Amino acid sequence: MITAFDLDEYGFAVPKTIEELRKYLQAAIEVEHLTIPVYMTGMYTIHPGTNSEAYYVIRSVLLEEMLHMTLAANLLNAVGGTPRVAHPEFIGEYPVRLPMSSQDLPEIGLRHFSPEALRTFLAIEEPRSFHSEAPMGSGWTSIGQFYGAIAQGLFGLVERHGETHVFTGDESRQVGPEHFYNSGGEAFKITDWETALKAIEVISEQGEGALDSIWDSDDVFFGQESQPAHYFRFNEIMMGHRYTLADRPTDPPSGPSMAVDWKGAYPIKGDSKVADYERYKDKSAVYDKAVEFNQTYALLLCALQKALDGEPSTMGLAVPFMLEMRDRAEQLYRNPHPDPECAKQGLFASATFEITRPHLDQAKTQVEEYVAAAELDDEAPMDLSGLTVATKGRFA
Amino acid sequence: MTVERTGEQVHQGRYDAVIVGAGWSGSLLAKNLSERGWTVLLLEAGEGGTQTWDGYLESVATFRSAVAKVPNSAYHRNVLAPSPDVLDLSPRPSTGNGTPPYTAHGYFVQNGAHPYRTDYVRALGGAGMHWLGAVPRMHPEDFATKTRFGYGRDWPITAADLQPFYAAAERELGVAGNTKEQRELGVITDHDYVYPMHEVPTSHIDEHCRKIDGATITDGMGVERELRVTGLPQARNSTPNPGYDSKKGYRPKGAVGLPNYGERCVGNASCVPICPVQAKSSPLRLQHASNDKVTLATRSVVTRVLSARGKRVDGVEYRTYTGSGTKAKAGAHHRVKADIVILAGHAIENARLLLHSGLANSSTQVGKNLMDHPTTLAWALADSQVGPYRGPGHTSGWEEFRFGKGREKRSPFRIEISNWGWSWSTGAPMSNVAQALGVGGGKNGRVKDEGLFGPELRWALGDTIGRQLQLQIAVEQPADPRNRVTIAPDRTDAMGNPRPIITYDLHDHVRKGVYAAYIASKGIFKELGAKEMTDHRPVDGVPPLGHFLYDGTDLTYQGAGHGAGTHIMGERPEDSVVDSYQKTHDHPNLYAVGCGSMPSIGTSNPTLTMAALALRSAERIHQDLLALRRKATVGAGLKAAKEKP
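What follows is the structure in structure tokens.
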């Protein structure tokens with residue numbers, strides 16, 4: 000959380016200069032990313048094959064957070080900034096407070112699929128309209144309010160300097176729909192005030208709902224099926240019911256029931272660290288698996304760094320790392336916590352999402368090798384076939 | 000969205016059109032006709048469920064737990080709407096008294112010299128639920144093999160007539176492909192056209208095979224071709240092409256039952272039978288996208304088409320059932336009426352229904368000319384790791400032996416490069432594991448002691464499995480009236496409906512094609528420096544299924560799942576069943592659509608051509624319905640005038 004906590008110290012305000020705006024957009028990328036390990040943990044702790052509706056709900060939000068992160072990076076690139084994601088401090092140490100947020104918001108921790116986890120999810124996504132907004136300088140209470148400030152700042156800059164002097168970024172740095180996406184909405188290029196505003200609206204409305212409704216605007220923006228916004232999607236799990244078209248934001252969901260089995264999850268100790276596992280590494284493979292998970296996460300961040308920093312076609316390379324994390328998570332979470340005391344309480348192992356500088360250095364080299372092997376070409380559709388097999392010699 | 004009702008609820012209903020079968024053709028026609036304002040009833044014999052996300056996941060789980068991952072392994076057995084299964088057939092030793100070299104259990108009764116090895120599935124979405132998604136167009140010369148090469152039957156229409164419908168079908172199915180390559184092949188002739196999506200990336204195996212681009216190969220009939228690996232157009236989501244549709248672009252269609260999901264292929268490698276993320280296109284998408292003028296009733300088995308006065312038909316009779324799978328219980332008979340009746344079942348089901356209804360058969364061609372793409376497999380060990388078992392079943396092939404001179408001598412063939420190792424030919428990778436472990440025991444029945452374990456086992460598996468090359472060579476089978484579907488009163492299924500009786504063989508032109516392909520595969524493996532492992536010889540004296548000798552060479556064929564040609568189209572009512580719009584010659588308001596209408600299927604997987612034909616028929620059906628309405632309006636006007644005091 001490089002920039003986000005920096006800004007936090009100054010207090011929350013509308014950015015006045017292009018440099019300030021860039022800082023806010025870097026903070027936006029960090030805030031979007033911050034939610035990802037939290038939702039991933041909720042999803043990965045579900046017993047395979049159970050809670051399938053809830054699983055796909057969390058997954059759909061998770062993917063849209065990835066979209067938001069990408070759009071925030073597109074915004075930053077559009078105004079001539081440079082997104083930074085492959086950095087040890089990019090990742091918060093959980094439990095973490097949302098940067099620049101008001102002291103009223105609870106800390107965000109990694110929790111297994113449970114009502115408590117859902118309460119965390121709901122706190123992150125709570126619509127702006129549910130709050131009385133705190134005065135400027137005292138922290139924000141909703142992500143919508145945060146983006147509202149960014150929009151205001153951007154609008155002010157465009158008014159003062161004109162669009163062409165604000166949107167100075169190189170268009171080739173923008174991630175577009177061709178660079179892979181697989182959920183609600185899609186990545187699009189941001190080159191002017193109109194597309195910038197659209198990005199901010201997509202982020203806000205997928206999270207909180209369009210203008211005093213529970214629904215997002217995927218139908219209007221992307222010709223897709225409209226879905227309840229993140230807050231309401233999570234509330235469906237919490238309440239065990241779906242929303243109907245007639246429901247208003249303050250109503251409980253009145254649609255068909257949704258089967259939720261809170262017991263169908265691996266309970267975890269969310270603040271576990273790799274160091275905790277290391278003490279038992281002779282007896283349990285959890286340590287190795289947790290380290291490998293973090294290494295894969297570092298690979299993902301390094302691939303994203305390239306994709307968001309001038310080589311958007313690298314986005315295709317990031318996708319296999321996401322799938323690898325899913326598979327590694329499935330292997331990891333089913334093991335008892337290596338600490339016998341924790342295991343006795345019925346706790347299971349979990350991913351720690353700790354990324355160190357050596358992780359990133361190693362990952363960076365590896366990603367460079369992969370990119371070279373894939374021969375990514377911005378003009379051609381993505382093709383990873385070059386990566387398939389490098390092994391020429393013996394196996395195992 | 001399509002309205003779902005039970006068979007009981009729609010009983011006695013009246014519709015502009017009733018469509019029998021909710022597969023690709025039926026769903027395309029339902030969507031298209033409803034968009035033009037007509038009311039449509041879609042009757043499906045099989046069960047639904049996959050249109051909900053939970054139901055779909057259940058099918059994924061059924062597939063994952065299946066021991067034999069055959070095309071129907073994702074869908075449970077349904078006794079009241081039975082489906083043929085590739086596991087129904089077993090080889091049997093020759094007894095020398097003329098008994099066929101196979102036994103057939105299951106839905107089909109088979110009495111041919113050789114087995115018909117193709118299946119389909121009667122479930123919502125039909126065979127579109129287990130297909131691979133391969134959608135190459137047919138070549139102009141495929142439409143006129145009789146005139147040009149002296150075998151098979153000509154179409155009453157040309158490739159040029161179908162071009163706009165091919166393009167429309169590619170939009171509806173959502174096709175990813177390399178337009179330039181297909182244009183060079185000569186199957187796309189519109190110069191401005193591009194596919195909706197960029198091609199699905201070719202596999203590492205494809206790249207491995209590309210090393211021999213430019214090599215000249217001679218097939219078993221002396222036909223020479225220079226090879227070049229060509230990508231396969233697929234109905235599978237990939238990167239949308241921003242240049243599509245005059246630069247309007249294309250938005251991939253995602254999963255049914257879960258919003259905004261499944262919009263790109265991520266290489267799960269289980270396309271046949273089921274894509275866990277629904278990146279593979281299916282008829283469920285069309286049903287989901289249809290308007291509420293379409294009513295769908297599953298578990299409604301159509302038993303016959305009802306005749307009306309004159310040559311017209313009136314509607315259909317169907318029987319419902321409750322329960323599921325092997326526990327289904329038959330219900331009552333019902334009827335619905337419609338101005339147009341459209342049979343859109345599998346080619347064999349359409350024929351069965353026409354025969355049982357005693358309709359459309361003045362030509363005596365109903366059920367005749369049954370086709371498939373007899374497919375011969377060739378396999379080898381590559382000289383290096385090639386990375387099999389990743390991505391769609393196949394992403395490229397060699398197209399050179401499909402067209403041109405040589406067709407007069409032997410059937411042409413398309414060489415598919417498999418991405419799934421030796422799974423089809425030997426049951427790999429499980430068979431490799433069993434072999435390495437020594438499972439199965441020795442000749443004396445004792446556990447073999449040469450089994451491998453630990454690192455040695457992993458090394459051996461990695462080494463062999465990672466080098467598996469397989470070619471799937473689909474050979475054209477021309478229309479031949481000897482290959483046919485019949486019915487008999489004493490051969491019925493659990494509901495009392497006639498079972499298809501199949502008489503099938505590979506005739507000379509096809510056998511030559513299979514042999515030619517086999518020899519070509521040897522040449523290819525040699526060029527690649529791979530060690531050929533192909534083996535079609537009898538095992539312990541029992542010839543494998545589909546075995547025959549050509550000039551002393553052991554060969555076998557598999558079924559491709561491309562059943563076609565049972566109600567063939569033609570200009571003349573004397574020797575064809577339907578006209579070029581798939582309207583039966585005998586009945587002005589009865590259509591039989593699908594692969595059954597095709598006079599030839601070339602070497603192209605037939606779904607895309609079938610879809611193009613369905614869209615072409617939709618235009619004509621629309622005109623028929625308009626004409627009926629005009630007549631009705633004029634009639635009513637005259638009646639009103641007469642009644643005036």
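As you go down the protein sequences, you meet chains F and A in turn. In terms of numbering that gives the first Met the number 0, the first sequence has 203 at position 204, counting the first letter as 1, and numbering is strictly consecutive. In terms of numbering that gives the first Met the number 0, the second sequence has 307 at position 308, counting the first letter as 1, and numbering is strictly consecutive. For each residue, glycine too, the CB sits at the ideal point set by N, CA and C. Bear in mind the structure is a predicted one, so any value in this text is a computation, not a measurement.
Annotated as proximal: F:G183 and F:Q226, with beta-carbon spacing under 8 angstroms. If you draw a straight line from the Cα of A:P241 to the Cα of A:R250, it comes to about 9 angstroms. Cβ atoms of A:L627 and A:D191 stay farther apart than 8 angstroms, at about 37 angstroms. Look at the region 7-28 of chain F: it has no residue with a C-beta under 7 angstroms from a C-beta of chain A. For F:L153, no CB of chain A lies under 8 angstroms from its own CB, so it is not counted at the interface with that chain. Per DSSP, F:D260 is not a residue of any alpha helix (DSSP H), being assigned neither H nor E. Along the region 34-60 of chain F, going in chain order, the ones with a CB nearer than 8 angstroms to a CB of chain A are G48, S51, E52, Y55 and S59. Taking the Cα of A:I523 as reference, the smallest distance to any Cα among A:E262, A:I416, A:V300 and A:G253 is reached at A:I416.
For the region 97-110 of chain F, the beta-carbon criterion of a distance under 8 angstroms to any beta-carbon of chain A is satisfied by none of its residues.
Against A:R263, the close residues of chain F are F179, Y180, N181 and V318, in the order they occur along the chain (beta-carbon pairs closer than 9 angstroms).
Under the three-state reduction of DSSP, F:M39 is assigned to helix. A:Y194 is outside the set of residues whose beta carbon lies under 8 angstroms from a beta carbon in chain F.
For the region 318-334 of chain F, the beta-carbon criterion of a distance under 8 angstroms to any beta-carbon of chain A is satisfied by V318 and L322. Listed in chain order, the non-local C-beta contacts of A:G253 below 8 angstroms within the same chain comprise N236, N259, Y260, G261, E262 and Q277, local neighbours out to five positions each way being set aside. Only D217, F221, G222, Q223 and E224 from the region 212-224 of chain F bring a Cβ to less than 9 angstroms from some Cβ of chain A.
A straight-line Cα-Cα distance of about 19 angstroms links A:L257 and A:L172.
Rounded to whole angstroms, A:A493 and A:R298 show a C-alpha spacing of 14 angstroms.
Using a C-beta cut-off of 8 angstroms, the region 41-60 of chain F makes no contact with the region 163-176 of chain F, since fewer than three inter-stretch Cβ pairs fall below that distance. Taking 9 angstroms as the upper bound on Cβ-Cβ separation, chain A lies near no residue of the region 345-375 of chain F. Secondary structure of A:I347 (DSSP, three-state): helix.
If you draw a 10 Å sphere on the C-beta of F:G91, you find 16 or more other C-beta atoms in it, and that means buried.
Inter-segment contact for the region 368-376 of chain A and the region 471-487 of chain A is present: three or more beta-carbon pairs are separated by less than 8 angstroms. The three-state reading of DSSP puts F:S182 in coil, since its state is none of H, G, I, E or B. In this chain, the beta strand (DSSP E) harbouring A:G396 covers H393 to W397.
With a threshold of 16 other beta carbon atoms within 10 Å, A:Q622 falls short and is exposed. With distances taken between CA atoms, F:Q344 lies nearest to F:P266 out of F:F154, F:P266 and F:V174. The alpha-carbon separation between F:L75 and A:V9 amounts to approximately 57 angstroms.
In the DSSP assignment, A:T463 falls outside any beta strand (DSSP E) and within the unbroken alpha helix (DSSP H) covering G453 to I464. With respect to the 8 angstroms criterion, F:E224 and F:D217 are classified as neighbours on the basis of their beta carbons. The shortest C-alpha to C-alpha distance from A:A591 to any of A:A16, A:T5 and A:T1 is the one to A:A16. Between the region 398-411 of chain A and the region 498-511 of chain A there are three or more inter-stretch CB-CB distances shorter than 8 angstroms, so the stretches are counted as touching. Counting along the chain, the unbroken alpha helix (DSSP H) around F:Q205 starts and ends at W192 to E207. Per DSSP, the beta bridge partners of A:D553 are A:L548. DSSP places F:I236 in no beta strand (DSSP E) but in the uninterrupted alpha helix (DSSP H) bounded by H229 to M238.
Using a Cβ-Cβ cut-off of 8 angstroms, A:Y260 counts as an interface residue toward chain F, since at least one Cβ of chain F sits closer than that to its own.
Flagged as an interface residue toward chain F: A:P239, by a C-beta distance shorter than 8 angstroms.
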